[in-house]
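In my numbering, the protein residues as written are 808 to 1216. Backbone N, C-alpha and C fix where the C-beta goes; we use that ideal spot for every residue, glycine too. What follows is a set of notes on a single structure, which appears directly below.
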Ligand SMILES: [Zn+2]
Ligand SMILES: [Zn+2]
């Protein structure tokens, strides 16, 4: 899709991938002399990423001047190590630390040509000025991007939500009126309802734990969902438990900064090794005093991060004490239950007497959030991406909704 504002003849938008689908986002914005790319994502569910044949980005001589990454989810960053190494990348400073920590731990290739983005601080690339706006999402340090050239304004939302701990109204008050809004619409294909906030999730968790105050609590969540780590930490604190992080989760939490609960700084966060290998010992060196073994865990009241790869470790832990009648929060998108390893892990926990309780809320905007965003930015055109229901935006009758079929206008 190629989009050109006929009145301006200035910036053009080309959705390389990820318009009428969720994930695999790659968006090009260009002027006569400048070409930038917003996000370089993998398709969701791809085991081995297929690299699109885009000349000057993934192959041939570089012809893009910069790549901007809104956040570190694979469907936005998955191809970052595959772009031509000469092209500079811009991404949030803490998001970069988390991305690099995760790649290093998991043994994945890393792009190291990354420059930091700071909220509100403009970056000039040739004829285009880009201003990042910190937003809330299930990835930490995520940004909306405002692109300006000769008075024309495009806002790309990346993935965002209004139900996190960051103030959505304060973000909205900083956004200008724009000509084109490129927005995600992830939640619009399902049932429309207002998402729980992280605070409401915390209340729900505290109430559930209060029903069985002496039993162990596990939480199955993504280590990179930093907002959720905060929710779980606060829950642990309110229910007088220590928070146990495996070395991977602890490394990601520490990379997110000193305010995020991690065993380097927080005395009530402890770290455990699941496999005694070199990788885990190396990562553990950052938290020398916070290590906790199975025997000591068995004597404590805790909330523990768990994942399918920890099955063997948990088998040994369950030998140390009676963990039946325990509770596990399932704190991820429910679609993952279809994955074999996840289904297998849930069954394993249930077979060991652990009750599973859903504790999740969306990382994406709900209807009310879109209403506020569109009221604030008053776009002439809405270009939905990252959605299976672009037509939903037709309700904003003052705006023109753009579809793939409308190539140029
Ligand atoms: Zn996404
Ligand atoms: Zn995302």
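Following the DSSP letters along the chain, one finds residue 902 in no beta strand (DSSP E) but inside the alpha helix (DSSP H) bounded by residues 900-913. Considered as a whole, the stretch 829-870 harbours 833-837 and 842-847 as its complete beta strand (DSSP E) runs of no fewer than 3 residues, in chain order. Judged by the Cβ position, residue 945 qualifies as a neighbour of ligand 2 at the 7 Å threshold, a heavy atom of the ligand being closer than this.
A residue is called buried once 16 or more other Cβ atoms fall within 10 Å of its Cβ, and residue 1125 is buried on that count. The Cβ atoms of residue 943 and residue 883 lie no closer than 8 Å to each other. Check the Cα spacing between residue 1147 and each of 993, 1056, 1175 and 1116: the tightest is with 1116. Relative to ligand 2, even the nearest heavy atom lies 7 Å or more away from the CB of residue 831.
With a cutoff of 8 Å on beta-carbon distance, residue 1165 and residue 1143 are scored as not near each other. By the beta-carbon neighbour count (other beta carbons within 10 angstroms, threshold 16), residue 1002 is buried. Per DSSP, reduced to three states, the secondary structure at residue 1132 is coil, with no helix or strand assignment. Not a single heavy atom of ligand 2 lies less than 7 Å from the C-beta of residue 854. It is roughly 32 Å from the alpha-carbon of residue 838 to the alpha-carbon of residue 976. In the structure shown, residue 873 falls within a strand segment according to DSSP collapsed to helix, strand and coil.
Not one heavy atom of ligand 1 is found less than 7 Å from the C-beta of residue 1167.
Of the other Cβ atoms in all chains shown, fewer than 16 fall within 10 Å of the Cβ of residue 1151; this residue is therefore exposed. DSSP places residue 1152 inside the alpha helix (DSSP H), whose first and last residues are 1147-1158.
Between residue 1071 and residue 1093, the gap from beta carbon to beta carbon is short of 8 Å. Cβ atoms of residue 894 and residue 871 come within 8 Å of each other, at about 5 Å. Taking all protein chains in view, the Cβ of residue 992 is crowded by 16 or more other Cβ atoms within 10 Å, so the residue is classified as buried. At a threshold of 7 Å, residue 948 does not count as near ligand 1, since its beta carbon sits no closer than that to any of the ligand's heavy atoms. For residue 1053, the CB stays at least 7 Å from every heavy atom of ligand 2. Excluding residues up to 5 positions away in sequence, 845, 875, 877, 937, 938, 939, 940, 962, 963 and 965 lie with their Cβ nearer than 8 Å to the Cβ of residue 952 in the same chain. By the Cβ test, the stretch 1064-1079 is in contact with the stretch 1038-1056, since at least three Cβ pairs between them sit closer than 8 Å. With respect to the C-alpha of residue 1074, the residue from 1088, 1083 and 1098 having the closest C-alpha is 1098. Collapsing the DSSP output to three states places residue 960 in a strand. Following the DSSP letters along the chain, one finds residue 990 inside the beta strand (DSSP E) bounded by residues 987-992.
Here residue 1081 really is in contact with residue 1053; their C-beta atoms are around 6 Å apart, less than 8 Å. Shortest gap from the CB of residue 1173 to any heavy atom of ligand 1: 7 Å or more. Membership of residue 1162 in the beta strand (DSSP E) is indicated by the continuous run 1162-1165. The beta carbons of residue 1172 and residue 968 sit about 5 Å from each other, so the pair counts as a contact at 8 Å. The shortest C-alpha to C-alpha distance from residue 1176 to any of 929, 1029, 1004 and 1160 is the one to 1004. Taking 8 Å as the cut-off, the Cβ atoms of residue 869 and residue 891 count as close. Boundaries for residue 883: no beta strand (DSSP E) harbours it, while the alpha helix (DSSP H) harbouring it runs 881-884, taken from the DSSP string. Sorted by chain position, residues whose beta-carbon lies closer than 5 Å to a non-hydrogen atom of ligand 2 are 880 and 966. The C-alpha of residue 1184 lies about 53 Å from the C-alpha of residue 1122. The beta carbon of residue 921 lies closer than 6 Å to those of 896, 898 and 903 in the same chain, with the five residues before and after it left out.
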